[in-house]
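Throughout, this note's numbering is defined as the position within the sequence shown, counted from one, plus 783.
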Amino acid sequence: MRSKRLLLSTLVLVAGLIIADSAVLQSQSADPSSPPVAPVQPVTDDYFGIKILDPYRYMENLKDPQVEAWFKGQNDYTRSVLDRIPGRKELLARIKTLDESASARVFDVRRMPDGRYFYQKRLASEDVAKLYTRVGLSREEKLVFDPQKYAKEGGPPWSINYYAPSFDSRYVVVGTSPGGSEDAIMHIVDMTTGHETGETIDRGWFASPAWRPDGRSFFYNRMQKLGPNSPPTEREQKSRAYLHVVGTDPEKDPPVFGYDVSPAVKIASADISIILTVPDSTYVAGLVAHGVQNEVTFYVAPLDAVQNAEAPWKKVCDVEDEVIGFEFRGDDLWLLTHKDAPRFKVTHTGLSRPDVAHAQLLLPQAEGVMQNMAAAADALYVQELDGGIGRLIRLPYGGGPPEQVKLPFEGSVYIARYDQRMPGVLLEMTSWTKARKIYSFDPSSNAVTDTRLQPAGPFDDPQDVESAEVKVPSYDGTLVPLSIVHKRGLKLDGSNPALLEGYGAYGITIDPFFDPKLLAWLERGAVFAVAHVRGGGEYGEDWHRAGMKLTKPNTWRDMIACAEYLIEKKYTSPSRLAIQGTSAGGITAGRSLTERPDLFAAVIDAVGVSNPLRFEASPNGPPNVPEFGSVKTQPGFEDLYAMDSTQHVRAGTPYPAVLLTTGFNDPRVTPWEPAKMTARLQVATSSGKPILLRVDYQAGHGFGSTKTQVQELLADGWSFLFWQFGLPAFQPQR
């Protein structure tokens, strides 16, 4: 589906610890006995007559030698503590065994009409995924692109951000970046020679390359070039879409859409502008993403006319139309919208004369939440989530009632990459107890079959793991879904270790998933649970809006209610319960921590948003204003203050143990946010329990982390929790 969601990589959850940080750390000094104390250099801000103290504002200058030294000292201390946990090495070995039990992990699959497949694959013996191709499912595969060829000895790892084959499979654009920075450089591979064409295009974070039908040129988004003294908030401003012809100088590519390109198309400096193409349409779409806001604006123009800034763009919809995604094929345009339908509906209009206000209703709102759609050669396919169960609905072209596709098991279903020239779709499926597999739906036989592109592993379908779905009354009576996973035969006596994960932002759902690495947690009698708190998308747009801005407190109070349920039903007890929030989930975990420190033994705050009052001062802050608000308005300030964990840390409070993590290259949550939270907690807590900050200088927000980094991450996090829970095998000698 063409939508803003193309710009946001879906958070991948692995064994209760979102892959949002890595764990390979730099050399450190010998076992420091305590973390360095952060000097207090207070700055006072006046927000609408209310004075707010920020004692660590100076940390926002990450190039300050004093700040650099503090980060390194914190990391050195954290490593000295974690490395002394006795059970960590054994736990890491088990995680490694489980993770490498399948011969390879395959993902990001594309199927082409000539029978060719493209996919990323990481062998069990390798650390980073590479791009491969093969013709058919039985032919020998060939390597297309290895990102590690750009890595330097001792330098950060490189990974593939995205790739896009031309419609005739002649060329492939590959975006790759180092150290989790996500600041991609595009390369072009000529499939006839196997070599790169030579030109590269940098600043391709949101590139979304879209090939023209000629197979020799493509559109792409490029961020503006910043000067050495440009403020960090300018990084994601004033981007444009360009047209590139293979073999030419990218610096001469003409801008065709975006900020200040055409006076006829008004696009704000903070908007991201992307052009989208399909094989058999004479039109292209111009998508305008307004930061993280789900609702998009988009335009259409004749394909042949989009050569320069003079393209005759026609607006199709605006934010007020509440369209979050669309598909087009020929002259047909399908819209996914929550206009008067908070769980979404599908409508249809034409590209030559689009009329969103009077579009034909094809699929009305139902009990389930519509999440995605795909236009194949035979039908429009719609992905739906209903009570944690994924469904696939087929809408045949030319009319006919909707058909529900019979799936091989109940769990999550995702429409993978597809091609409009081919019938059916590729699917990815997983559940709380089954690892991800890649399936193909053939409408001629009405069959969903395993492509076997993903090799089966011995731990991919454990028979001794079970899950349960319950609904927990929150503080205001709202029923919050809670997913609980554990080994069969678990005794409900309050003694089990438990990790509760929560997110609750952007309307993103945490759908059922399973990764074999999770067994290293479950095998020790531990429980893994996911609180589907408000702010997510589990019940559609109403659920999302019930946990944003003014209503954001619902997010952490739902989390607290789910924690209390696990204790009440004796899955665990406060002395053996931990919570985790990652990225925007840092608000969920951080405010649960500050509001109910008595409820948890430990907290993992992974690359978490901790200081929303200052978020707008970071590169990724302005795009997040639609979700969280702005300090430039009084209501926005009040909302941000309420969700700011650093502002709710209170001196003399017995806080639980906390492990905070950051990647020093993080482009989404700048390292100074978890740093400030660390400094606040270390001086405030009266419990004597550890407050640790873990810094990875070769990582970002987690995208692009290597296999080893993820394994180390889990070993550090879980051994930290087992230590705090009092498990004998994880207690350091005194």
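Beta carbons are placed, not taken as given, at the ideal position from N, Cα and C, and that holds for glycine.
How many Å lie between residue i and residue j at the Cα?
i                  : j                  : result
alanine 1312       : valine 1268        : 6 Å
methionine 842     : proline 1450       : 16 Å
histidine 1327     : aspartate 1422     : 16 Å
histidine 1131     : glutamate 965      : 35 Å
isoleucine 1293    : asparagine 1155    : 15 Å
leucine 926        : valine 972         : 11 Å
serine 1266        : phenylalanine 1296 : 11 Å
valine 1255        : methionine 1342    : 10 Å
glutamine 1481     : glycine 1181       : 52 Å
glutamine 1494     : proline 1095       : 51 Å
lysine 1490        : histidine 1484     : 15 Å
phenylalanine 1503 : leucine 865        : 7 Å
valine 1065        : methionine 1331    : The sequence shown places threonine at residue 1065, not valine. Using only the alpha carbons, I get a separation of about 40 Å.
valine 889         : valine 1196        : 16 Å
glycine 1074       : glutamine 1020     : 10 Å
aspartate 1138     : threonine 1453     : 42 Å
arginine 877       : serine 1250        : 22 Å
Can you tell me whether DSSP reads residue i as helix, strand or coil?
i                  : result
tyrosine 1066      : strand
lysine 913         : strand
tryptophan 988     : coil
asparagine 944     : strand
phenylalanine 1224 : strand
arginine 1174      : strand
leucine 1376       : helix
tyrosine 902       : strand
lysine 1097        : strand
arginine 1578      : Here the chain has residues from 784 to 1517 only, and residue 1578 is not among them.
threonine 1429     : helix
threonine 976      : coil
aspartate 1138     : coil
phenylalanine 1311 : strand
arginine 1517      : coil
proline 1179       : strand
Is residue i close to chain D, meaning its C-beta is less than 7 Å from at least one C-beta of that chain?
i           : result
valine 1466 : Looking at the structure shown, chain D is missing, and only one protein chain is on hand.
Which two residues bound the contiguous beta strand (DSSP E) that contains residue i?
i                  : result
tyrosine 1438      : Element bounds for tyrosine 1438: n/a, residue is neither H nor E.
asparagine 1155    : 1152-1158
phenylalanine 950  : Counting along the chain, phenylalanine 950 falls outside any beta strand (DSSP E), and DSSP gives it neither H nor E.
lysine 1270        : 1262-1270
asparagine 1337    : It is not in any beta strand (DSSP E) - asparagine 1337 instead sits in the alpha helix (DSSP H) that spans 1336-1351.
valine 972         : 968-973
aspartate 1233     : 1230-1233
histidine 1327     : Taken as a continuous stretch (DSSP letters only), histidine 1327 belongs to no beta strand (DSSP E), being part of the alpha helix (DSSP H) at 1324-1328.
glutamate 1249     : 1248-1256
leucine 1168       : 1162-1169
arginine 1112      : 1106-1112
arginine 1005      : 1000-1005
aspartate 828      : 826-830
phenylalanine 1081 : 1080-1085
serine 1393        : Note, serine 1393: premise wrong, no beta strand (DSSP E); not H, not E.
Alpha helix (DSSP H) containing residue i: first to last residue?
i               : result
tryptophan 1501 : 1490-1508
glutamate 1284  : Careful: glutamate 1284 lies outside any alpha helix (DSSP H), inside the beta strand (DSSP E) at 1281-1285.
methionine 1460 : 1455-1467
methionine 1426 : 1417-1426
leucine 1305    : 1302-1305
valine 1408     : 1408-1411
Going by other Cβ atoms of all chains shown within 10 Å of its Cβ, with 16 needed for buried, is residue i buried or exposed?
i                  : result
arginine 1548      : Because the chain here runs from 784 to 1517, residue 1548 falls outside it and cannot be looked at.
phenylalanine 831  : exposed
phenylalanine 1192 : exposed
threonine 976      : exposed
histidine 1141     : exposed
leucine 1275       : exposed
isoleucine 1291    : buried
leucine 808        : Confidence at leucine 808 is low in this model, with a pLDDT of 27, below 50, so the placement of that residue is unreliable and no value is reported for it.
aspartate 1499     : buried
lysine 1415        : exposed
glycine 1173       : buried
glycine 1260       : exposed
isoleucine 833     : exposed
glycine 1285       : buried
phenylalanine 1505 : buried
Nearer than 6 Å: is that true of the beta carbon of residue i relative to any heavy atom of the ligand ZN?
i            : result
proline 1380 : Ligands in the displayed structure: none, and consequently the ligand ZN is not present.
Ignoring anything shorter than 4 residues or poking outside the segment 837-891, list the alpha helix (DSSP H) runs there in chain order. 848-865 and 871-882
Just to confirm the assignment: which complete beta strand (DSSP E) runs, minimum length 3, are found wholly within the segment 1021-1071? 1023-1028, 1038-1041 and 1055-1059
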